[in-house]
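K.L.:
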Amino acid sequence: MKPDPIIKIELNAVHKTFHTAQGSVAALDETSLKINTNEIVCIVGPSGCGKSTLLNLVAGFIAPSAGSVRVDGVPVRGPGADRAVVFQQDSIFPWLTVQQNLAYGPRARGLPNHEIQPIVDRLLALVGLTEYAELFPLQLSGGMKKRVDLARAYANKPAVLLMDEPFGALDVLTKEKMQLELLRLWQEEALTILFVTHDIEEALFIGDRVVVMTPRPARVAEDIAVPFTRELDPRRKTTAAFQQLRQGLMDTLSQSEAEPAA
Ligand SMILES: Nc1ncnc2c1ncn2[C@@H]1O[C@H](COP(=O)(O)OP(=O)(O)O)[C@@H](O)[C@H]1O
Ligand SMILES: [Mg+2]
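Written out as structure tokens, the structure reads:
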């Protein structure tokens, strides 16, 4: 018997308004969302609708104007080591080698050297970079840098990965490899993933659920359970059922883009 899902992340009637010199911008309006432990939830929506805002709230970089954001039932008060963030732009240091980059987080946490090396070795193996440990980021391809970035995010064993269009700058083939890499990491480790993307195919390939947001101020327009088994085979994307679901989501999104943003 499957155990009951445990809610890992919960947004309850969240509003977020930004106040700037140019006036106020309502980014999120009554947004509610529950993400269970070990689930991968992908967020798609028109650009500027509030996807990054939602992710930044869970990361604790910003606070809601109203409503609540909870992780493990506890209100988020700021960033924490339990939640790692991966952006489109890599957060790796160009002047450090691959392994020095991976050692940085554990070292900053104050771990002694003899504990750091096994962590680094494991991270290298996890993302297939063992042979490249001594190289500098400049010597790596875009895909390899992204793998370092993913391993860097995972160095402190966060329970939650928050990913904001992480593969958006990669070419199609590299992107596909990274999607598989991420799913492999997720299968091996206990991870809950919130994944923002504008790529519907990516969302359907990676996600247990795909959440479609409305134009700004965003709320949840649709929350779809992806009905496919999670085989690590990109050919899954070419099946009729997959393409049908993709087209349906495209239609929903293009309809919502056509409406004027409030
Ligand atoms: N720090 C901020 N200050 C002012 N406005 C912001 C800030 N962050 C986001 N916004 C505005 O909130 C809206 C949603 O932004 P964002 O969440 O980045 O959208 P998305 O990630 O879906 O493209 C946009 O109109 C954006 O300009
Ligand atoms: Mg964004």
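Residue numbers (my numbering): 267 to 528.
Note that beta-carbon positions come from the ideal geometry of N, C-alpha and C, so glycine has one too.
Bear in mind the structure is a predicted one, so any value in this text is a computation, not a measurement.
Out of curiosity, what's the CA-to-CA distance linking TYR420 and SER522?
P.N.:
If I take the Cα positions, the gap works out to 35 Å.
K.L.:
Looking at the strands, I want to know which residues DSSP matches up with LEU299.
P.N.:
Its beta-bridge partners are LEU277.
K.L.:
Taking 7 Å as the cut-off, is the CB of SER357 close to at least one heavy atom of ligand 4?
P.N.:
Judged by which ligands are present, ligand 4 is missing from the structure shown, whose ligands are ligand 1 and ligand 2.
K.L.:
Provide the residue span of the beta strand (DSSP E) that contains ASP489, from first to last.
P.N.:
486 to 491 is the extent of the beta strand (DSSP E) around ASP489.
K.L.:
Look up MET429 in the DSSP assignment and give the residues it is bridged to.
P.N.:
According to DSSP, MET429 bridges with VAL352, PHE461.
K.L.:
Among LEU392, TYR370, GLN383, ILE273, which residue has its Cα nearest to the Cα of GLU454?
P.N.:
Ranking LEU392, TYR370, GLN383, ILE273 by Cα distance to GLU454 puts LEU392 first.
K.L.:
Within the present structure, is the beta-carbon of ASP517 separated from the nearest heavy atom of ligand 2 by less than 7 Å?
P.N.:
No.
K.L.:
Drop a sphere of 10 angstroms on the beta-carbon of ALA417, count the other beta-carbons inside from all chains shown, and report buried for 16 or more, exposed for fewer.
P.N.:
Buried, by the Cβ-count rule.
K.L.:
Of the residues GLU447, ILE275, ALA350, which one's Cα is nearest the Cα of ASP499?
P.N.:
That would be GLU447, whose Cα lies nearest to the Cα of ASP499.
K.L.:
Helix, strand or coil for VAL393 per DSSP?
P.N.:
Coil at VAL393, not helix or strand.
K.L.:
Near GLY371, what residues of its chain come up, given a Cβ to Cβ distance below 7 Å and the 5 sequence neighbours on each side ignored?
P.N.:
The residues are ARG418, ALA421, ASN422.
K.L.:
Can you tell me which residues form a DSSP beta bridge with ARG336?
P.N.:
GLU276, PRO341, per the DSSP bridge assignment.
K.L.:
Contact between the segment 307 to 327 and the segment 373 to 390: three or more CB pairs below 8 Å?
P.N.:
With a cut-off of 8 Å, the segment 373 to 390 and the segment 307 to 327 do not count as touching, because too few Cβ pairs lie within range.
K.L.:
Specify whether the segment 327 to 336 and the segment 486 to 506 touch according to this definition: at least 3 beta carbon pairs, one from each stretch, less than 8 Å apart.
P.N.:
Contact fails: fewer than three Cβ-Cβ distances are below 8 Å.
K.L.:
Quick one: any contact between the segment 317 to 327 and the segment 347 to 358, if contact means 3 or more CB pairs under 8 Å?
P.N.:
Verdict: yes, contact present.
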